[in-house]
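The sequence shown maps to residues 1124 to 1203 in the numbering used here. Reading through the structure tokens given below for one structure.
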Amino acid sequence: MPDNLLQEVDGIVEKENSNRSEFIRQAMKLYLIERKKRSLRESMQRGYMEMAKINLSMASEAFQAEEEADGTLDRLVSGV
């Protein structure tokens, strides 16, 4: 580990009346939490993108059906 990083850690643990081991334990715990959050966020983003494609497809199908229904209704109302 670079000396400047160790010096920075030592300065922090001294101010907090802690030690390197506890600092590293906390840092690792926070890192793992953030990593899980990032993974969940990425997974949700992929899911939303997949659902967006499905929703667009369904909306397009519904739009076409609605257009056909409007045309049929117009013909029925006009008597043609």
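All residues carry an ideal CB built from backbone N, CA and C; glycine is no exception.
Where the alpha helix (DSSP H) containing residue i begins and where it ends
i	result
serine 1183	1143 to 1201
Simplified DSSP assignment, three categories, for residue i
i	result
glutamate 1139	coil
Cβ shell of residue i (< 8 Å), same chain only, five flanking positions each side left out
i	result
alanine 1182	none
Whole-Å CB distance - residue i paired with residue j, under 8 Å assumed
i	j	result
arginine 1143	valine 1132	6 Å
Residues near residue i by beta carbon distance below 7 Å, same chain, minus five either side
i	result
aspartate 1197	none
glycine 1202	none
alanine 1188	none
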